[in-house]
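Residue numbers (our numbering), protein chains in the order written: chain A, 1119 to 1546; chain B, 3 to 522; chain C, 1014 to 1187.
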Amino acid sequence: MSALDILLVILRIAFGAFVPLSFVAVLVWMERRGAAFFQDRAGPNRCNVLGFRAGGLIQNAADGIKLAFKEDIVPGHVKHKFYFILAPMLVFITALLCFAVIPFADVLILGDKHYIMQAIPMDIGILWFLAVVGFGVYGIILAGWSSHNKYGVLGGLRAAAQVISYEIPMGLALVSLLAVYGTVNLTEMAQFQGRLLFGFIPMWGFVLQPLGVIIFIVAAFAETNRTPFDLAEGESEIVAGYHVEYSSMKFALFFMGEYVAMFVSSALIVTLYFGSYQIPWFTTETLVTYARPVVIAIMIGLPVIGYFFAEWMKRNNRSHYYRENDPRQKETAVYVALLWSLVAILEVVLLVYLVFAHGGVADRILVALLQIGTFLFKTFLMCFVYVWVRWTLPRFRYDQLQKIGWEKLLPLALLNIFITSAIIVSFG
Amino acid sequence: MAELVKLFVNGQEVEVESGKNLIDALRVVGIEIPHFCYHPALGADGNCRMCLVGIEDGRPPLVPACKTPVQEGMKVLLDAEHIKKIQRDVLEFELINHPVDCPVCDQAGECALQDYYMNYSLDDSRMQVAQVTKGKRMDFGCGVVHDQERCVLCGRCVRFTRQITKTGELGIVNRTDAARVSIFPGKPLNNRYALNIVDICPVGAMTSSDFRFRQRVWFLKKDPGICHGCSKGCAIYIDHHREKYKDDVIYRYRARTNLNVNGYFICDDGRLSYAGENENRQTSALADGAVIGFDEGIELVRERLDRARKPLMLISPDCSLEQMWAVQRIATLYGAELSGYSDNYIIDGDGDEYLINDDKAANRRGLELLEIDFSRAQFLTGLQHTDLLVNFNNDLFFGGVDEELKSLLDKTQSIAVCSHQLQVYESASIVLPTASYSEYGGTIINEDNVLQRFEKALFKNEDPKDVLEITRLLGGAINDAPHAWPGIKQSVACLADIDPQAIPAEGIKLQNSEDTNVGA
Amino acid sequence: MSIKVRTVERKGRTFLEQLYLVEVIKGMTVTLGHFFRNLLDNSRLYVRHYPEVKPEITARWRGRHRLTRHEDGSVKCVACFMCQTNCPSNCIMIEAGERFDGKSEKMPTRFDIDLLECIYCGYCVEACPMDAIRMDTGIYSVTSYSRESMVLGLEDLLETPGAFAEEEYKKGGG
């Protein structure tokens, strides 16, 4: 193993471990501000450090500090303390492990070596995901049971029944997808989606599997216990469900676990159905070939985006009532300055690339970075859909939930398999 | 039981006792005839005209109910239009000069004028001229404060001083709207029953300076009780209230009608004795002056009693029959001598022929019936030989400090179970707090051999344990007051037929048979 | 008179509605519209920037209580206990004493309102025969660091001025 091998192993594992964690902060922020904007409110906008609120991100820091310093209570009536403490870890760790098999860029070719851009390069791919995500629900059941609390037990039972019901349509939706792709390896699936259908439509999963994508997304929502399927913690009936007895960092683990799960399942949906890291019409090889024009396009595009973003900040980041020497406008000025310096730095870097380093390895790395960016952007949009759905749809009733799972999604998934197989068999 | 007669009220047949007037007779069957001046103890005066009713037998259209005795077959009319009109008119007349003091008047809530106005009138005032102003807040002496404006001139107070106390300090002076109740110049009320005037005044003209503005009457819980001020055992109402964030305290006593014992009135000393129930109370257990927990105190007392060779127990003559019985049992249990010595409770020459007695012990007859020795000789001998005195709430210095007893007490190791902080308990090495008579239920027998029952009225935040409960904690077998009765019935012949749950409100007059009356 | 029966058409039975997805997307379009409307210009939010921008209180608003005075400065309250009697949450505690200023015979020596218990129903104001207690201070935010300081005494209640002119208060039905 060369030093480069070790460096890339470290980089990929670090990416797989820390990106979901950093996204937790972004997602919590997006959830709160998003919810507020969906409901015509402002959302958290007071928390600040020296007057800098970072659009509400500081609130996350405050909440994190609060949770860390809260008293960590294990209620006296809890008999099995080991399981009680194990449960939140299980939820969090399984959610994190799922991300390990998701590719975030095309295979990186450096010289004569191929690096698969996954945290754990494995062939079983999607099967790992199914195995680990199913394990996550044990954490919820364990939490409900070991809390020794009727609400907790009810929450745990609901989660168990729900996950079992929805894993079946999810698995069946995947079956037809696997038939289309002809592989379980996620990297290969991603590469498959770089092709074009009839020469002009990107061959993304949702184009090939329009029914499958709906089934899979619905089932994925249910798997992550997000609205409209969050009956496991239905506040109105069972207080907080399985985590009613948890406090401090143990609660924080549940909370973060939920957002990591949301991020991972968004990443998976993107990987399976929305072209993964693929930029439409630009395959990896195309990008490598036309690296210079792409970079020039980016160099032109960056200041334009920067300008509109700065204008948007100036318009919105100010006090909407009379205030002398509005501190928010000063805050905005700093943000705008930072934004322009960032743009300037990027321009310089790209310029350096253009002048000195283009061609060969540098092109490959640039394309990999572009693809990582694309992948994260798509995942971010998918997470937004999660938030969007949560603040639009009301929670299902429990019987409705089971009915949709068994009576609607299951037959549809089977039908999808028949249609898909028929098409594949007849057209090859 | 008096003879029953049938009569018709508004066409409806009712059966009432004969020999009474309409107001009293019909009140028994729940029909109220409004009246101001009539009071059963003071007789009919007929000056207020509020009780006018119609009798359909050829009499004049309106007759005063207070002056009309019931007769068989009488047809009484109460709800006819002309009766209602006369009631409205009388009320309007009374209210011409009556100030709207209700917000600041202590009588509001138990005021006859207010109630009748709400029930029978509700008319607006038609007066165009200014109201006549008279004296307000006039001190009549003996704690009676008079407001002449509020007076309806029913004359109950005047008749009370003339007929009941026979002192005659009050009179009505002047005529028409200048008429007012007044004392003679320089001669205020001076009798020991004066505060009854406050009770019998139908309006707020007479108020008690003691109760004045302390509480609104509708907040008060009115529980029946027995005054423990003297051996008369007058029936009273204990008016108490628990204010928010505070304790249940007594605001006043009022006379309760009991024709067997006190009639309609009580004495002023007894009325004001409620203060003793609120103040100067022993609330915590003490050992050698240091506060200890109650349970700890009980343990200490048990220990001392077990070790004592020749304990002596002293019981208060104020205790209920059940408590005396329980203490008697526990004295037997610990082999203690029991005394009810209470000569200090007798204050010679203090009593009168009416309601006040020399003997201030509420239940001396109980001591006699249970054959508890209360002679001085027995107590003194016992005190000289004992090594441990347990005093159950007996204030040996009630009528003044007894030097001979004091020197003996100082020499003796003693335990006090007491409800109040008093000088006599100062020499005690262990002090246990106990309930006073408003805080427990039981039965007592007054000097006229009337057995009366009273219930627990006050529920303190930290409810003190009564003597009976303390005997149980010390190892006695009697759990509560009803459990004491089988034993009492067996040992006291004249109580053998008594059902303690069925003692009527006016008490039971016991047969004074010679064989049970040993102590007398 | 016969009972009027109106048959309401039951919604949500067509195929498209039964499909649910179409309706979901319709709903999501609406919320997304709101999202972008607010994202692009957050001055259009339907909220008040509360601690800085205060709501306008009308004279009929039941705020924190106060006790009023006569024009000569003497306390209007005569300690009649009507407010205490009428109070559904038992938050008023009064002690009365003698009064010698000729306005009345009685006045409060202690007048405590436990704001933690108060439910701001305004029954005390309605019960008062003297117009002595009012809830027109315009104080709607009552906060404190201790339970004890939430009990207002006679002095606190007398000190607070009303927030409205007399005519405005009367017009408000007070």
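The beta-carbon is built from N, C-alpha and C at its ideal position, and this holds for glycine as well. Just so we're clear, the structure is a prediction, and the values are computed from it rather than from any experiment.
Query                                                                                                                                                                                      : Result
Which of the three DSSP states, helix, strand or coil, is assigned to histidine 100 of chain B?                                                                                            : coil
Would you list, in chain order, the members of the region 237 to 263 of chain B that have their beta-carbon closer than 9 Å to a beta-carbon of chain C?                                   : Glu245, Lys246, Tyr247, Lys248
Rounding to the nearest angstrom, what Cα-Cα distance links arginine 331 of chain B and lysine 467 of chain B in this structure?                                                           : 18 Å
So, leucine 314 of chain B versus glycine 206 of chain B, is the Cβ gap smaller than 9 Å?                                                                                                  : no
Using C-beta distances below 6 Å, list every residue in its chain close to glycine 1257 of chain A, excluding the 5 sequence neighbours before and after it, in chain order.               : Ala1205, Leu1208, Val1209
Name the chain B residues whose beta carbon is nearer than 7 Å to that of alanine 1109 of chain C?                                                                                         : Phe215
Give a yes or no on whether the minimum CB-CB distance between tyrosine 1133 of chain C and chain A is below 9 Å.                                                                          : no
Quick check on DSSP: helix, strand or coil for glycine 353 of chain B?                                                                                                                     : coil
For the beta strand (DSSP E) holding cysteine 420 of chain B, just list the boundary residues, first then last.                                                                            : 416 to 420
Output the distance between the C-alpha atoms of valine 329 of chain B and alanine 459 of chain B, rounded to the nearest integer angstrom.                                                : 23 Å
Say whether chain C places a C-beta atom closer than 9 Å to the C-beta of leucine 1511 of chain A.                                                                                         : yes
Can you look up glutamate 1130 of chain C in the DSSP assignment and give me helix, strand or coil?                                                                                        : coil
Flag this pair as yes or no: are the beta carbons of isoleucine 1244 of chain A and leucine 1304 of chain A separated by less than 9 Å?                                                    : yes
Can you pull the chain B residues whose beta carbon is under 8 Å from the beta carbon of proline 1195 of chain C, in chain order?                                                          : Since the first residue of chain C shown is 1014 and the last is 1187, residue 1195 of chain C is not available in this structure.
So with Cβ pairs under 9 Å, would you call leucine 1034 of chain C a contact of chain A?                                                                                                   : yes
Mind listing, in chain order, the continuous alpha helix (DSSP H) runs of no fewer than 4 residues lying wholly within the region 1336 to 1398 of chain A?                                 : 1353 to 1356, 1366 to 1391
Could you give the DSSP three-state label for leucine 398 of chain B: helix, strand or coil?                                                                                               : coil
Please go through the region 99 to 129 of chain B and give each complete alpha helix (DSSP H) segment of 4 or more residues, from N-terminal end onward.                                   : 114 to 118
With a cut-off of 9 Å, does the C-beta of asparagine 1103 of chain C fall near any C-beta of chain B?                                                                                      : yes
Where do the ends of the beta strand (DSSP E) carrying glutamate 19 of chain B lie?                                                                                                        : 14 to 19
Alpha carbon to alpha carbon, how far is phenylalanine 267 of chain B from isoleucine 510 of chain B? Give it in angstroms, no decimals.                                                   : 19 Å
Tell me, to the nearest whole angstrom, how far the beta carbon of phenylalanine 10 of chain B is from that of lysine 77 of chain B; I am working on the premise that it is less than 8 Å. : 5 Å
When DSSP builds the beta bridges, which residues end up paired with phenylalanine 1400 of chain A?                                                                                        : A:Ile1397
Keeping to the same chain, check which residues put their C-beta closer than 6 Å to that of lysine 1116 of chain C; ignore five residues upstream and five downstream.                     : Ser1087
If the cut is a Cβ gap below 9 Å, which residues of chain C does arginine 182 of chain B touch?                                                                                            : Under the 9 Å cutoff, chain C gives no residues; its nearest Cβ is about 18 Å from arginine 182 of chain B.
What's the gap between the Cα of lysine 1 of chain B and the Cα of valine 469 of chain B?                                                                                                  : In the structure as shown, chain B begins at 3 and stops at 522. Residue 1 of chain B is therefore absent and cannot be evaluated.
Pick helix, strand or coil for glutamate 1189 of chain A, following the three-state DSSP scheme.                                                                                           : coil
What is the C-beta distance between isoleucine 1333 of chain A and alanine 1179 of chain A, in whole angstroms, given that I count them as a contact (C-beta under 8 Å)?                   : That belief does not hold up - the Cβ atoms of isoleucine 1333 of chain A and alanine 1179 of chain A are roughly 39 Å apart, past 8 Å.
Find out if the Cβ-Cβ distance for the pair glutamine 1565 of chain A, isoleucine 1220 of chain A is shorter than 9 Å.                                                                     : Outside the displayed range of chain A (1119 to 1546) lies residue 1565 of chain A, so it cannot be described from this structure.
Could you spell out the range, first to last residue, of the beta strand (DSSP E) harbouring arginine 366 of chain B?                                                                      : Element bounds for arginine 366 of chain B: not the beta strand (DSSP E) but the alpha helix (DSSP H), 366 to 371.
Please report how far the alpha carbon of glutamate 1179 of chain C lies from the alpha carbon of threonine 1081 of chain C, in whole angstroms.                                           : 12 Å
What is the DSSP secondary structure of serine 1154 of chain C, reduced to helix, strand or coil?                                                                                          : coil
Give the residues of chain A in contact with glutamate 1065 of chain C, contact being defined as C-beta atoms less than 7 Å apart.                                                         : Tyr1439
Contact criterion: CB-CB distance below 9 Å. Does phenylalanine 1048 of chain C meet it with respect to chain A?                                                                           : yes
Taking 9 Å as the CB-CB limit, is asparagine 1055 of chain C close to chain A?                                                                                                             : yes
Does DSSP put glutamate 1108 of chain C in a helix, a strand or coil?                                                                                                                      : strand
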